[in-house]
Amino acid sequence: MSLSSSCSTLHHAFDYINTVAMNKILAFRRSSSTVYSQYRCIDNTSLPMHEIIETGDVSVKHRRSTMLTQPVLNHQILLLGPTGSGKSSFIEALAGSGHQLGLSGGTLESVTQDIQVFEIVNLKIKFATSPDDPFPIYLVDTPGFSDSKLSEMSTLQKIIKWEKSTGNIDHIFYFCRITDTRIPGSARRLIKLIQSLGVDPSSLTIITSMWDAICRDDALKRAESHYEQLRDVIWKDEIQKGAKIFKFDNTYSSAKDILGGMGTGTLYSNFVFHFYDPDEPLANLVIDEQLGRIQNACQERQALQQETLRLLNTQDSQLKSMVTTSLADVNSRIMDYVDQLLAYGPPPPGLQFAIPIYRCLLDTTIASEQFLGEIETASKYSPPSARNELKDMHRAAKAVFIHVYLSLRVFGSPGPEFHPFTPSIALSSSERIKVELACKAKTLERRLKNAVTS
Numbered sequence: 006m007s008l009s010s011s012c013s014t015l016h017h018a019f020d021y022i023n024t025v026a027m028n029k030i031l032a033f034r035r036s037s038s039t040v041y042s043q044y045r046c047i048d049n050t051s052l053p054m055h056e057i058i059e060t061g062d063v064s065v066k067h068r069r070s071t072m073l074t075q076p077v078l079n080h081q082i083l084l085l086g087p088t089g090s091g092k093s094s095f096i097e098a099l100a101g102s103g104h105q106l107g108l109s110g111g112t113l114e115s116v117t118q119d120i121q122v123f124e125i126v127n128l129k130i131k132f133a134t135s136p137d138d139p140f141p142i143y144l145v146d147t148p149g150f151s152d153s154k155l156s157e158m159s160t161l162q163k164i165i166k167w168e169k170s171t172g173n174i175d176h177i178f179y180f181c182r183i184t185d186t187r188i189p190g191s192a193r194r195l196i197k198l199i200q201s202l203g204v205d206p207s208s209l210t211i212i213t214s215m216w217d218a219i220c221r222d223d224a225l226k227r228a229e230s231h232y233e234q235l236r237d238v239i240w241k242d243e244i245q246k247g248a249k250i251f252k253f254d255n256t257y258s259s260a261k262d263i264l265g266g267m268g269t270g271t272l273y274s275n276f277v278f279h280f281y282d283p284d285e286p287l288a289n290l291v292i293d294e295q296l297g298r299i300q301n302a303c304q305e306r307q308a309l310q311q312e313t314l315r316l317l318n319t320q321d322s323q324l325k326s327m328v329t330t331s332l333a334d335v336n337s338r339i340m341d342y343v344d345q346l347l348a349y350g351p352p353p354p355g356l357q358f359a360i361p362i363y364r365c366l367l368d369t370t371i372a373s374e375q376f377l378g379e380i381e382t383a384s385k386y387s388p389p390s391a392r393n394e395l396k397d398m399h400r401a402a403k404a405v406f407i408h409v410y411l412s413l414r415v416f417g418s419p420g421p422e423f424h425p426f427t428p429s430i431a432l433s434s435s436e437r438i439k440v441e442l443a444c445k446a447k448t449l450e451r452r453l454k455n456a457v458t459s
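In our numbering, the protein residues as written are 6 to 459.
Listed below in structure tokens is the structure:
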């Protein structure tokens, strides 16, 4: 047996061992959950369901690994919310003033770009059924929703991947800014998304933040009115079914009170995010948001492309650099969004998703091809001093075109009424070979993924 074969065999063996171990952990947690749930049904008011206890000086420890397998019994809280809604501030409040973690920011871009896990040191949750065995608490910070660069699809994919690898989410904290006295369309869509996650209401806590930023009486009055709207209208059904809502004033005591007052449905909450089910509203919301992002990014790109061509003969190198950087950034986002859309599954999306996705990919490919044509036309009439600049522009634009065209090919036509797209621009022999090889490899990878997960 070759070295590569031996390594592959060992890799599969370790995967099997990890799977077996995780299944045993989950089985143990589920059995504990069943006992606890039965206990609650006997008498729901005789004892408090849980309490938060301090065992020493409280701090927050960032875990480098997001995999939580030890200890088996722990309490993991998933933090969700828009960018800038206070998730990181909540973690820092628990860390204390002397342990600043540098997590929170004040921009429209998420400080947290990936899943991060934090252990609350010396602060544990003690359930009525196991008073001598308090559980450690872990806060699972996530990238912010409604972020200018990270899509909801990307964030949910990261959460689902993490949830599958760790095996449990016990509670969800959803953060929202109380200072947003008017709820914009993006926020309403996000609320619908959270309500579509399939979460047991007793395992959901809504946390209103930014109360400490309110100084004037009229601002406080508007905030209280917003709080009543959240409590009595928007989250009314969830609260009636066991969800909690709190005010967070960015202090340690406030954060601890929220932990102590959260609902406890079960020790183990097997959340099933209906991410791929076309019959569930979550799938529609996520795909619509992703398609909208691609369309908006393409409109932004078109404006930058025209500005780039207009600036060919200008001597303002600083302005040229700014526009070129912005164009490279939006091209990178478009390619990322397209990749996320292509990776959507398993199994392959139903026809109701396939047609709008295909049209979006087709429109993006055609727009990319048109810009290549505009560059080639400009090259014929531009002075020699602009030729090198146009060559660099053409090279970057062709890379984007090949990327989205390849995605269109791999996704495939959703039906016979859609004719295959044939590029009108010339590809070199090496480019055509690379596209064909990459198309076959990605198509095979997609089929294997769907076969494994279907």
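All residues carry an ideal CB built from backbone N, CA and C; glycine is no exception.
Rounded distance between the beta-carbons of residue j and residue i, thought under 8 Å
i	j	result
residue 150	residue 91	Rounded, the Cβ-Cβ distance is 13 Å, inconsistent with contact.
residue 401	residue 333	7 Å
residue 326	residue 309	The pair is not a contact, with the Cβ atoms about 13 Å apart (cut-off 8 Å).
residue 240	residue 228	That belief does not hold up - the Cβ atoms of residue 240 and residue 228 are roughly 16 Å apart, past 8 Å.
residue 396	residue 377	That pair is no contact at about 12 Å.
residue 286	residue 201	4 Å
residue 58	residue 131	5 Å
residue 146	residue 118	With 8 Å as the limit, residue 146 and residue 118 do not qualify as a contact, their Cβ atoms being about 11 Å apart.
residue 430	residue 358	Residue 430 to residue 358, Cβ: 29 Å. No contact.
residue 211	residue 250	4 Å
residue 158	residue 295	5 Å
residue 206	residue 246	4 Å
Exposure of residue i, with buried meaning 16 or more beta-carbon neighbours within 10 Å
i	result
residue 49	Confidence at residue 49 is low in this model, with a pLDDT of 35, below 50, so its placement is unreliable and the value that follows should be read with caution. Its Cβ having fewer than 16 others within 10 Å, residue 49 is exposed.
residue 243	buried
residue 61	exposed
residue 266	exposed
residue 100	buried
residue 138	exposed
residue 393	exposed
residue 143	buried
residue 238	exposed
residue 420	exposed
residue 342	buried
residue 424	exposed
residue 389	exposed
residue 208	buried
residue 10	Reliability of the predicted coordinates at residue 10 is poor, the pLDDT of 45 falling under 50, and the value obtained from them is presented with this limitation in mind. Exposed is the call here.
residue 79	buried
residue 168	buried
residue 427	exposed
residue 93	buried
residue 438	exposed
residue 88	buried
residue 512	Any question about residue 512 goes unanswered here, given that the chain covers just 6 to 459.
residue 318	exposed
residue 436	exposed
residue 43	Caution applies to residue 43, whose pLDDT of 29 falls short of 50 and renders its modelled position unreliable; the value that the coordinates give is listed next. By the 10 Å Cβ count, residue 43 comes out exposed.
residue 195	buried
residue 450	exposed
Delimiting residues of the alpha helix (DSSP H) encompassing residue i
i	result
residue 286	286-315
residue 199	190-200
residue 324	322-347
residue 164	157-171
Unbroken beta strand (DSSP E) run spanning residue i, endpoints
i	result
residue 97	Careful: residue 97 lies outside any beta strand (DSSP E), inside the alpha helix (DSSP H) at 92-100.
residue 80	80-85
residue 61	55-68
residue 146	140-146
residue 180	176-182
residue 130	121-132
For the stretch 411-421 against the stretch 437-451, are there 3 or more C-beta pairs whose distance is under 8 Å? Counting Cβ pairs under 8 Å, three or more are found: they touch.
contact_flag[the stretch 82-102, the stretch 171-178] where n(CB pairs < 8 Å) is 3 or more: yes
Taking 8 Å as the threshold, find out whether the stretch 403-411 comes into contact with the stretch 362-378 through three or more Cβ pairs. yes
Using 8 Å as the cut-off, can you tell me whether the stretch 116-133 makes contact with the stretch 55-68, which would need three or more C-beta pairs spanning the two stretches below that distance? yes
If contact is defined by three or more beta carbon pairs under 8 Å, each pair taking one atom from either stretch, is the stretch 294-306 in contact with the stretch 330-349? Output reads yes: the stretch 294-306 touches the stretch 330-349.
Ranges of the beta strand (DSSP E) found wholly within the stretch 352-388, counting only runs of at least 3: Taking only runs of at least 3 residues, no beta strand (DSSP E) segment lies wholly in the stretch 352-388.
Extract the residue ranges of the beta strand (DSSP E) inside the stretch 392-421, only unbroken runs of 3 or more that lie entirely within it. Fully enclosed beta strand (DSSP E) runs of 3 or longer: not present.
Quick check: the stretch 217-225 against the stretch 310-323, are there 3 or more CB pairs under 8 Å? no
Enumerated in chain order, which unbroken segments of the alpha helix (DSSP H) with a length of 4 residues or greater are wholly contained in the stretch 198-269? 222-234, 241-245 and 257-266
Given 8 Å as the limit, is there contact between the stretch 151-161 and the stretch 255-262, that is, 3 or more CB pairs closer than that? no
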